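Student:
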Amino acid sequence: MIFLFVLPVMAESINTSNGVITASSGKSWQAFPYWNGTIHTGAGDLNANGYEEIVVTSGAGMGPHVRIFNSEGRLVGQFAAYNQYFRGGVYLAVGDVNADGMAEIVTGAGVGGGPHVRVFNHRGEI
2 MIFLFVLPVM AESINTSNGV ITASSGKSWQ AFPYWNGTIH TGAGDLNANG YEEIVVTSGA
62 GMGPHVRIFN SEGRLVGQFA AYNQYFRGGV YLAVGDVNAD GMAEIVTGAG VGGGPHVRVF
122 NHRGEI
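Take the sequence shown: its position 31, counted from the start at 1, is 32 in our numbering, and no numbers get skipped.
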(Lines of atoms letter the chains of each structure in order from A and count residues from 1; the text may use other names and numbers.)
(Lines give C-alpha, C1' and ligand atoms only; values in the text may rest on other atoms or scores of the structure.)
Protein backbone atom coordinates (compact mmCIF):
# COMPACT_ATOMS: atom_id res chain seq x y z
CA MET A 1 0.00 0.00 0.00
CA ILE A 2 1.30 3.43 -0.95
CA PHE A 3 0.35 6.59 0.91
CA LEU A 4 0.78 9.95 -0.79
CA PHE A 5 0.64 13.22 1.04
CA VAL A 6 0.08 16.24 -1.18
CA LEU A 7 1.58 19.41 0.23
CA PRO A 8 -0.44 22.59 -0.31
CA VAL A 9 1.06 25.60 -2.04
CA MET A 10 1.33 27.77 1.03
CA ALA A 11 2.10 31.17 -0.44
CA GLU A 12 0.81 30.81 -3.97
CA SER A 13 -2.54 31.27 -5.67
CA ILE A 14 -3.19 29.02 -8.63
CA ASN A 15 -6.11 29.27 -11.01
CA THR A 16 -6.24 25.91 -12.77
CA SER A 17 -8.96 26.98 -15.21
CA ASN A 18 -6.71 29.42 -17.05
CA GLY A 19 -3.27 28.25 -15.90
CA VAL A 20 -2.32 31.50 -14.15
CA ILE A 21 -0.09 31.17 -11.09
CA THR A 22 0.29 34.16 -8.75
CA ALA A 23 3.17 34.15 -6.26
CA SER A 24 3.05 35.78 -2.84
CA SER A 25 5.32 38.49 -4.31
CA GLY A 26 2.48 39.44 -6.68
CA LYS A 27 4.24 38.10 -9.77
CA SER A 28 1.93 36.13 -12.10
CA TRP A 29 2.75 33.79 -14.95
CA GLN A 30 1.22 31.06 -17.08
CA ALA A 31 2.66 27.58 -16.68
CA PHE A 32 1.91 26.76 -20.32
CA PRO A 33 1.63 29.89 -22.49
CA TYR A 34 -0.98 29.57 -25.26
CA TRP A 35 -2.71 26.68 -23.42
CA ASN A 36 -6.20 27.35 -22.10
CA GLY A 37 -6.97 23.82 -20.95
CA THR A 38 -6.78 22.22 -17.54
CA ILE A 39 -3.58 22.01 -15.52
CA HIS A 40 -2.75 20.12 -12.34
CA THR A 41 -0.56 21.59 -9.62
CA GLY A 42 1.41 20.59 -6.56
CA ALA A 43 4.23 21.97 -4.45
CA GLY A 44 7.06 20.64 -2.37
CA ASP A 45 10.74 21.12 -1.59
CA LEU A 46 12.15 19.01 -4.42
CA ASN A 47 15.83 19.81 -3.88
CA ALA A 48 16.11 20.31 -0.10
CA ASN A 49 16.89 24.03 -0.43
CA GLY A 50 14.25 25.00 2.12
CA TYR A 51 11.85 26.44 -0.47
CA GLU A 52 8.86 24.80 -2.13
CA GLU A 53 8.92 24.48 -5.88
CA ILE A 54 5.67 24.59 -7.84
CA VAL A 55 5.04 21.59 -10.09
CA VAL A 56 2.55 21.84 -12.94
CA THR A 57 1.32 19.17 -15.35
CA SER A 58 -0.87 19.50 -18.40
CA GLY A 59 -4.40 18.21 -18.68
CA ALA A 60 -5.92 16.20 -21.53
CA GLY A 61 -5.27 17.53 -25.02
CA MET A 62 -1.65 18.56 -24.50
CA GLY A 63 1.56 16.52 -24.35
CA PRO A 64 2.65 14.87 -21.07
CA HIS A 65 4.50 17.94 -19.82
CA VAL A 66 5.80 18.43 -16.28
CA ARG A 67 7.18 21.86 -15.44
CA ILE A 68 8.86 22.97 -12.23
CA PHE A 69 8.93 26.63 -11.17
CA ASN A 70 10.44 28.48 -8.23
CA SER A 71 8.18 30.83 -6.27
CA GLU A 72 9.14 33.74 -8.52
CA GLY A 73 7.92 31.99 -11.65
CA ARG A 74 11.29 31.01 -13.05
CA LEU A 75 11.22 27.68 -14.87
CA VAL A 76 13.80 25.51 -13.09
CA GLY A 77 13.04 22.15 -14.70
CA GLN A 78 10.83 20.32 -17.14
CA PHE A 79 10.40 16.84 -18.59
CA ALA A 80 7.89 14.53 -20.27
CA ALA A 81 6.23 12.10 -17.87
CA TYR A 82 5.20 9.71 -20.66
CA ASN A 83 5.65 9.23 -24.40
CA GLN A 84 5.71 12.62 -26.12
CA TYR A 85 2.67 11.71 -28.24
CA PHE A 86 0.44 10.88 -25.25
CA ARG A 87 -2.42 13.44 -24.96
CA GLY A 88 -4.56 12.02 -22.14
CA GLY A 89 -3.34 14.40 -19.44
CA VAL A 90 -1.03 13.94 -16.47
CA TYR A 91 -2.34 13.81 -12.90
CA LEU A 92 0.01 14.89 -10.15
CA ALA A 93 0.97 14.48 -6.51
CA VAL A 94 4.07 15.83 -4.77
CA GLY A 95 5.52 14.45 -1.55
CA ASP A 96 8.52 12.75 0.03
CA VAL A 97 7.82 9.11 -0.79
CA ASN A 98 11.24 7.67 0.12
CA ALA A 99 11.99 9.64 3.33
CA ASP A 100 15.15 11.30 1.94
CA GLY A 101 14.05 14.83 2.87
CA MET A 102 13.25 15.81 -0.72
CA ALA A 103 9.81 15.67 -2.29
CA GLU A 104 9.25 13.50 -5.34
CA ILE A 105 6.88 14.08 -8.25
CA VAL A 106 4.28 11.32 -8.67
CA THR A 107 2.39 11.24 -11.98
CA GLY A 108 -0.59 9.26 -13.15
CA ALA A 109 -1.52 8.95 -16.81
CA GLY A 110 -4.92 10.32 -17.76
CA VAL A 111 -7.47 9.03 -20.28
CA GLY A 112 -6.08 6.28 -22.51
CA GLY A 113 -2.78 6.10 -20.65
CA GLY A 114 -3.47 2.87 -18.84
CA PRO A 115 -2.65 2.35 -15.19
CA HIS A 116 0.75 4.08 -15.38
CA VAL A 117 2.03 5.72 -12.21
CA ARG A 118 5.60 7.02 -12.13
CA VAL A 119 7.77 8.64 -9.47
CA PHE A 120 10.38 11.23 -10.50
CA ASN A 121 13.00 13.32 -8.71
CA HIS A 122 13.42 17.04 -9.45
CA ARG A 123 15.58 16.24 -12.49
CA GLY A 124 12.86 14.13 -14.10
CA GLU A 125 14.65 10.87 -13.33
CA ILE A 126 12.63 7.83 -12.35
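Using N, Cα and C, we set each Cβ at its ideal position, and we do this for glycine too.
Please read all numbers here as calculations on a predicted model, not as lab measurements.
(1) Report yes if the CB atom of Gly111 is closer than 8 Å to the CB atom of Gly89, and no otherwise.
(2) Kindly list the residues whose CB is nearer than 8 Å to the CB of Tyr52, restricted to its own chain and excluding five residues on each side of it in sequence; keep chain order.
(3) For Trp36, which residues in the same chain have their Cβ closer than 8 Å to its Cβ, ignoring the five residues on either side in sequence?
(4) Helix, strand or coil for Pro127, going by three-state DSSP, please let me know.
(5) Please list, in chain order, all residues of the same chain as Gln79 whose beta carbon is under 6 Å from its beta carbon, the five residues on each side excluded.
(6) Can you tell me whether Ala24 is buried or exposed? The criterion is at least 16 other CB atoms within 10 Å of its CB, across all chains shown.
Tutor: Working from what's here:
(1) yes
(2) Asp46, Asn71, Ser72
(3) Gly20, Ser59, Met63
(4) The amino acid at residue 127 is misidentified as Pro; the sequence shows Ile. The answer is coil: DSSP assigns Ile127 none of H, G, I, E or B.
(5) Arg68
(6) buried
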